[in-house]
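Let me begin by presenting the structure, written as structure tokens, before commenting on it.
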Amino acid sequence: MKTHVRILFAVAALALAVGWFGLRRGNAALAARLSESTAPATRGAP
Amino acid sequence: MKARAEPVVWAAVLAVLSALVAVEGRRRAELERQIPVAPQELYRTLAHSRTNWQIVDVRADVAEGYEDSHIPGAVPLPGCDLARAPEAARDRIYPSVPTVIVSANGDAADAHRCIARFTAARRLAGGMAAWVAAKLPEDSGEYAPPSVKAGGGCL
């Protein structure tokens, strides 16, 4: 397999991996926001 | 690694990563469906974004709801029932366009029944009542499809 083809595969894999991590982080933040907005408003209650 | 096996391994790696991205993407869409959009956030999005958002007003009473006051550019879909929508609005509701569902008070149960009709949809937090309370632009009157002339439909 030629080196430039190998580099092409590696770049594609890296881009996908970065995209996946980005999506995971974004989803975690969204899930936290969602659980905050749906949690019962008991914080600060006497 | 054998020369023949290497492309197969790379293809497998790319396939696995693509599948992971697809799974997370689907999860993102699902999460976004559940998070309501605040009136100010919707206003900012409509005013600045180039994304073509569709606003669907699902309040059951068109005369007392939509015709009395609605978000500019909103399309009426009373009770989320296409048969009850004004004729002019029926072919203006696109299931695949990013959508914001507007109910009277932002009731989650009402909105979620309708959200399932669209590929990507969120509900307006607090519904039309919150939009009015936030003193954001309103329109009134019967639904009229957007004119082809320039200058219409801006917030």
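Protein sequence lines correspond, in order, to chains W and D. Using the numbering used here, the first residue of the first sequence is number 1, and each one after it goes up by one. Using the numbering used here, the first residue of the second sequence is number 47, and each one after it goes up by one. Just so it is clear, CB atoms sit at the ideal spot from N, CA and C, and this is done for glycine as well. On a predicted model such as this, the values are computed, not experimentally measured, just so you know.
Residue i at chain W interface by Cβ criterion, 7 Å
| i | result |
| --- | --- |
| D:Val-83 | no |
| D:Val-88 | According to the sequence shown, residue 88 of chain D is Leu rather than Val. Not an interface residue. |
| D:Val-102 | no |
| D:Trp-177 | no |
| D:Val-59 | yes |
| D:Arg-169 | no |
Residues sharing a beta bridge with residue i, DSSP
| i | result |
| --- | --- |
| D:Leu-170 | D:Val-83 |
| D:Val-148 | D:Asp-103 |
| D:His-116 | D:Asp-185 |
Local conformation of residue i per DSSP, three classes
| i | result |
| --- | --- |
| D:Val-143 | coil |
| D:Asp-103 | strand |
| D:Asp-156 | helix |
| D:Pro-53 | helix |
| D:Pro-192 | coil |
| D:Pro-122 | strand |
| W:Val-18 | helix |
Sequence-distant residues of its chain with Cβ nearer than 8 Å to residue i (five each side left out)
| i | result |
| --- | --- |
| D:Ala-134 | Tyr-189, Ala-190, Pro-191 |
Supposed contact pair residue j and residue i - C-beta distance, whole angstroms, cut 8 Å
| i | j | result |
| --- | --- | --- |
| D:Pro-85 | D:Leu-182 | 6 Å |
| D:Val-104 | D:Ser-142 | So it is not a contact: roughly 18 Å between Cβ atoms. |
C-beta neighbour in chain D for residue i, strict 7 Å
| i | result |
| --- | --- |
| W:Ala-12 | yes |
| W:Arg-70 | No information on residue 70 of chain W is available, as it lies outside the stretch 1 to 46 that chain W covers here. |
| W:Ala-17 | yes |
Below-7 Å beta-carbon distance, residue i vs any chain B residue
| i | result |
| --- | --- |
| W:Phe-9 | Of the protein chains in the structure, W and D, none is chain B. |
Same chain, Cβ closer than 7 Å to residue i, neighbours up to 5 away in sequence not counted
| i | result |
| --- | --- |
| D:Gly-203 | Beyond the ends of chain D as shown, which are 47 and 201, falls residue 203 of chain D; an answer cannot be given. |
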